[in-house]
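J.: Adding 590 to a residue's 1-based position in the sequence shown gives its number in this note's numbering.
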Amino acid sequence: MKKIGIFIILSLLYFFVEANAKNLSASLNFATFYSPADGPFIETYLSVNGQSVHYIRNENGQFQASIEVLMIFKQEDQITTFRKYELKSPEVSDTSVVNFNFLDIQRISLPVGKYTFEIKITDIHSTGKAYKGEIPLEIYFDSDTVVVSGIQLVESYSKASQESMLSKHGFDLVPRVSTFYPPEVNRLISYFEIYNTDKAMGAGQKFLSLIYIANHESGYRLPQFSKARRMDTQPVLVQFNEFDITRLPSGNYDLIVEIRDRENKLLALNTLFFQRSNPGYIPDYLSIDSLEAKGSFANRIKSPDSLRQLIKSFRPIAAEYEKVFIDQGLKTAPVEVMQAYIFSFWKNRSESDPESAFLKYTELVKKVQALFGTRYLKGYDTDRGRVYLQYGPPDAVNENPFDAGAISTLSDNEINKGVGGSVPYQIWHYYQIKNQRNKFFVFYNPHLVPGGYVLLHSDVQGELYNPMWQSELKRKPIEDIDAGNSNSNPSL
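(1) Where does H644 land, buried or exposed, given buried means 16+ other C-beta within 10 angstroms?
(2) Exposed or buried, what is L1063 when buried is set at 16 or more other beta-carbons lying within 10 Å of its beta-carbon?
(3) Nearest CA to the CA of G1052: which residue from L862, N842 and F962?
(4) Let me know the secondary structure DSSP gives V914 once reduced to three states.
(5) Note down the Cα distance separating S867 from I646, rounded to an integer number of angstroms.
(6) Report the start-end ranges of each beta strand (DSSP E) in the segment 768-822 that is 3 residues or longer and not cut off at the edges.
(7) Please say whether D734 and A793 have beta carbons closer to each other than 9 Å?
(8) Taking the straight line between their C-alpha atoms, what separation do you get for I1017 and F1031?
(9) Mark G975 as exposed unless 16 or more other C-beta atoms lie within 10 angstroms of its C-beta, in which case mark it buried.
(10) I need the DSSP call for I598, collapsed to helix, strand or coil.
(11) Alpha helix (DSSP H) containing F948: first to last residue?
(12) In this structure, how does DSSP classify F605 when only helix, strand and coil are distinguished?
(13) Does any heavy atom of the ligand GTP sit closer than 8 Å to the C-beta of T972?
(14) Are P765 and N619 closer than 9 Å when you measure CB to CB?
(15) Three-state secondary structure (DSSP) at E676?
(16) Give the C-beta separation of S780 and I741 to the nearest angstrom, bearing in mind that I take them to be a contact with Cβ-Cβ under 8 Å.
(17) Taking the alpha carbon of Q929 as the reference point, which residue from L961, Q959, E910 and S896 has its own alpha carbon closest?
(18) In three-state terms, what does DSSP make of Y750?
(19) Are at least three pairs of beta-carbons, each pair with one atom in the segment 693-701 and one in the segment 619-631, less than 8 Å apart?
(20) Output needed for R777: all residues of its chain with C-beta closer than 8 Å, excluding positions within five of it in sequence on either side, in chain order.
(21) For the beta strand (DSSP E) that R866 lies in, which residues bound it at each end?
(22) What is the DSSP secondary structure of L1063, counted as helix, strand or coil?
(23) F620 bridges to which residues according to DSSP?
(24) Under 8 Å by Cβ, that's how I've got V1044 and D973 pegged, so tell me the actual separation to the nearest angstrom.
(25) One question on the structure: do H1037 and V987 come within less than 9 Å of each other, judged by their Cβ atoms?
(26) Determine the direct distance from the alpha carbon of I916 to that of N639, and round the result to whole angstroms.
(27) Once you ignore the five residues that flank L954 on each side, which residues in its own chain have a CB closer than 7 Å to its CB?
(28) Would you kindly check if the distance between the Cβ of Y635 and the Cβ of L693 is under 9 Å?
(29) Alpha carbon to alpha carbon, what distance is there between I662 and T671?
(30) Does the segment 898-915 touch the segment 840-860, meaning 3 or more C-beta pairs lie closer than 8 Å?
(31) So what does DSSP say about M1058, is it helix, strand or coil?
(32) Taking all protein chains shown into account, decide if S748 is buried (16 or more other Cβ within 10 angstroms of its Cβ) or exposed.
(33) For the pair the segment 798-808 and the segment 819-833, tell me if three or more CB-CB distances fall below 8 Å.
(34) Take V828 as the anchor and find which of N1056, G1041 and D762 has the nearest alpha-carbon.
(35) Quick test of your reading: L845 and L856, contact by CB under 8 Å. State the CB separation rounded to the nearest angstrom.
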């Protein structure tokens, strides 16, 4: 199965750049598309907070800010293409009442391949430093198979009256740059394109386009947020979709597009990660068929202590709304409620056979207890245990004991000479986590407690990110409190 834009979940960057008394604040997102005339291209969306930039009076007597943007696309450290331009804010007569963001859209043709996308932004009227960031990018297109473009989040769209940078296929699309949906935003609008269905399936054939929301941690597909559309094959097809997310609980999610043929065979897929904050809504996940729950495997577990211990072990893989019950409701929950919770939890993850999924996980919990449990913590309560349960076993582990005299890097494990010794630490390497590739977790044991490893850094989406992680590994020398103290008396 092939994809386009599989790095979309990594595409959102927030920039906070010190610029005198102000912090330049901007965010960047992108999606990848294909033009029959010009080939594949990336479309970037840059939003700048109008309150975070410096304004000067222009020739019209109005105040205006200017941002210099440099985008560079590299392959193996060689520049493939770049774009440098100046982005101006709207004119204002009074800078004290600025309450807007200003948006920029760029379309840049790129051949199929893997790139490093570097961006540099500078507030031209500030003496502050420019900010540089980089994102991994993959451009994919195959003219003989079905391909789904990048999924673009949209604030609004309408029929285009004239062509502009907002226009695609006869519509004007105002992009939504952020992939975070706060409580006050209850519409999730998306746009994507489908290519080559006529070549792959034949002209005039029917196929199915599916779009749905799934929990990012568990992969559970939310049936109330799912739509299917029957379509006819064409060289290029465009599709808008809108979900009312008023009743979508807080959590991490994937917006998923699938293309299937008449035999229900999956032909193409793309995924976009997003986050939802909705503290005012907690679903009634226990409102299930009582007869079904009573006849289930969960009903055979009678001990309140055993039920609580089992449910606590679910936390590493629980969705945010499921954690609410674990953290707040579990202590006082009666037996029948805990039984119903267990059944509901595993039915959401394996509707056809929740008991097998439950048993498989409990065996994994036992393994994690043996590997990472301590005198004070259950294995699933440790950072390493949580990561193991959530993402599976690492593909490789780099073990660095207490007497290590140097610190290795994430990228190539080269030795940084002259750094000095370090506390014990481990680097876990995952070749792939969902649609993220080549990811790492760094655990360290700062207090030299047996089994006392805690998470220090990871480059996985949604995990603790600490770019200064290496500096925290250095062994701190023990100070001699008596050194230089003439009043010290060793005989006391």
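In this text, a Cβ means the ideal position worked out from N, Cα and C, and glycines have one as well.
T.: Checking against the coordinates, here is how it stands:
(1) Residue numbering aside, residue 644 sits at position 54 when the sequence shown is read from its first letter. That one is buried.
(2) Residue mapping note: residue 1063 aligns to position 473 of the sequence shown, counting from 1. Flag for L1063 reads buried.
(3) Within the sequence shown, numbered from 1, the residue matching residue 1052 stands at position 462. Of the candidates L862, N842 and F962, the one whose C-alpha sits nearest the C-alpha of G1052 is N842.
(4) Numbered from 1 along the sequence shown, position 324 holds the residue referred to as residue 914. V914 falls in the helix class under three-state DSSP.
(5) Indexing the sequence shown from 1 puts residue 867 at position 277. Indexing the sequence shown from 1 puts residue 646 at position 56. Near 37 Å, if we compare the C-alpha coordinates of I646 and S867.
(6) 777-785, 796-805 and 811-822, all fully within the segment 768-822.
(7) Taking the first residue of the sequence shown as 1, we reach residue 793 at position 203. Taking the first residue of the sequence shown as 1, we reach residue 734 at position 144. No. Outside cutoff.
(8) Here residue 1017 refers to the residue found at position 427 of the sequence shown. Here residue 1031 refers to the residue found at position 441 of the sequence shown. In a straight line, the C-alpha of I1017 is about 6 Å away from that of F1031.
(9) Taking the first residue of the sequence shown as position 1, residue 975 is located at position 385. The residue in question, G975, is buried, as its Cβ has 16 or more Cβ neighbours within 10 Å.
(10) By one-based count along the sequence shown, residue 598 stands at place 8. In this prediction, I598 has a pLDDT of 35, which is less than 50 and means its spatial position is unreliable; nothing more can be read from the coordinates.
(11) Here residue 948 is taken as the residue at index 358 of the sequence shown, counted from 1. Element bounds for F948: P944 to F962.
(12) As a first step, residue 605 must be located in the sequence shown, where it is residue number 15. Because F605 sits at a pLDDT of 49, beneath the cut-off of 50, its placement in the model cannot be relied upon, and the following sentence gives the value as read from the coordinates. In the structure shown, F605 sits in a strand (DSSP, three-state: E or B).
(13) Although the ligand GTP was asked about, the structure shown includes no ligands whatsoever.
(14) Indexing the sequence shown from 1 puts residue 765 at position 175. Indexing the sequence shown from 1 puts residue 619 at position 29. Contact: yes.
(15) Here residue 676 refers to the residue found at position 86 when the sequence shown is read from its first residue. Reduced to three states, the DSSP call for E676 is strand.
(16) Taking the first residue of the sequence shown as position 1, residue 780 is located at position 190. Taking the first residue of the sequence shown as position 1, residue 741 is located at position 151. At roughly 5 Å, the Cβ-Cβ gap stays under 8 Å, so S780 and I741 are in contact.
(17) Working through the sequence shown from its first residue, we reach residue 929 at position 339. Of L961, Q959, E910 and S896, the residue nearest in Cα terms is S896.
(18) Along the sequence shown, read from residue 1 onward, the residue named residue 750 stands at position 160. As written in the sequence, residue 750 is Ala, which differs from the Tyr given in the question. Coil at A750, not helix or strand.
(19) yes
(20) The count along the sequence shown starts at 1 and reaches residue 777 at position 187. The answer, listed in chain order, is E832, F833, D834 and I835.
(21) Within the sequence shown, numbered from 1, the residue matching residue 866 stands at position 276. First-last of the beta strand (DSSP E) with R866: L856 to R866.
(22) Here residue 1063 is taken as the residue at index 473 of the sequence shown, counted from 1. L1063: helix per DSSP, three-state reduction.
(23) For this step, residue 620 is matched to residue 30 along the sequence shown. T634, per the DSSP bridge assignment.
(24) The count along the sequence shown starts at 1 and reaches residue 1044 at position 454. The count along the sequence shown starts at 1 and reaches residue 973 at position 383. Rounded, the Cβ-Cβ distance is 5 Å, consistent with contact.
(25) Locating residue 1037 in the sequence shown gives position 447, counting from the first residue. Locating residue 987 in the sequence shown gives position 397, counting from the first residue. Not in contact: H1037 and V987 (Cβ atoms no closer than 9 Å).
(26) If you number the sequence shown from 1, residue 639 lands on position 49. If you number the sequence shown from 1, residue 916 lands on position 326. So the two alpha carbons sit approximately 38 Å from each other.
(27) Here residue 954 refers to the residue found at position 364 when the sequence shown is read from its first residue. Residues of the same chain with a CB within less than 7 Å of the CB of L954, apart from the 5 flanking positions on each side, are L979 in chain order.
(28) Locating residue 693 in the sequence shown gives position 103, counting from the first residue. Locating residue 635 in the sequence shown gives position 45, counting from the first residue. For L693 and Y635, yes; Cβs fall inside 9 Å.
(29) The residue given as residue 671 occupies position 81 in the sequence shown. The residue given as residue 662 occupies position 72 in the sequence shown. Cα to Cα, T671 sits roughly 6 Å from I662.
(30) yes
(31) Position 468 of the sequence shown, counting from 1, holds the residue named residue 1058. Residue state for M1058 is assigned as coil, using DSSP reduced to three classes.
(32) What you label residue 748 is simply residue 158 of the sequence shown in a count that begins at 1. Its Cβ having fewer than 16 others within 10 Å, S748 is exposed.
(33) yes
(34) The sequence position of residue 828 within the sequence shown is 238, counting from 1. For V828, the nearest C-alpha among the options comes from D762.
(35) Position 255 of the sequence shown, counting from 1, holds the residue named residue 845. Position 266 of the sequence shown, counting from 1, holds the residue named residue 856. Actually they are not in contact, since the Cβ atoms of L845 and L856 sit about 17 Å apart, beyond 8 Å.
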